[in-house]
Amino acid sequence: MIRSVTVREPEWSPWDVRVVAEARRHERQSRGHHGRLLDEATDPNNMGRFTVPPPTTDFAAKALHEAQAEWKKAYGEQAGMDHLLWTVDLAD
30 MIRSVTVREP EWSPWDVRVV AEARRHERQS RGHHGRLLDE ATDPNNMGRF TVPPPTTDFA
90 AKALHEAQAE WKKAYGEQAG MDHLLWTVDL AD
């Protein structure tokens with residue numbers, strides 16, 4: 030009689046588990062609308078240390094807003110903006 034035993038390797042190493050757990054803890058921390066952790070943003074030791082670089086244009090959002098404005102202009106009150114789903118494609 031021949032027997033075989035299958036032994037699976039773990040899909041996650043202990044290091045992988047620690048990294049994912051820490052990333053999830055980090056994601057769940059409260060953040061302000063600026064994206065910074067609130068603990069960091071409200072720390073008195075950080076007063077005057079934050080800088081704000083010039084804004085970046087989100088060209089996908091710009092194209093979306095322009096398309097939505099055109100749609101609303103063309104269809105007025107019947108535009109149905111409340112229930113339309115919009116996607117943004119990147120042209121080749």
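Heads up, the sequence shown is in this note's numbering, so the first residue is 30 and it goes up one at a time.
For every residue, glycine included, the Cβ atom is placed at its ideal position computed from N, Cα and C.
For residue i, three-class secondary structure by DSSP
i    : result
R60  : strand
L114 : coil
L66  : strand
G105 : helix
F79  : coil
P39  : coil
D45  : helix
A120 : coil
P84  : coil
CB of residue i within 8 Å of CB of residue j, strictly
i    : j    : result
K101 : A108 : yes
A70  : H62  : no
Proximal residues to residue i (C-beta, below 7 Å), its chain only, five neighbours per side dropped
i    : result
V117 : A89, A92, L93
Option in the options with minimal Cα separation from residue i
i   : options             : result
M76 : P82, L114, Q97, L67 : L67
V81 : R65, D72, P73, R53  : R65
Whole-angstrom distance between residue j and residue i, CA atom to CA atom
i    : j    : result
D45  : A96  : 43 Å
Y193 : D121 : Nothing can be reported for residue 193: it is not among the residues displayed for the chain, which extend from 30 to 121.
A52  : L119 : 30 Å
R60  : A50  : 18 Å
L113 : E99  : 14 Å
R57  : P43  : 21 Å
M110 : T86  : 24 Å
T35  : R54  : 35 Å
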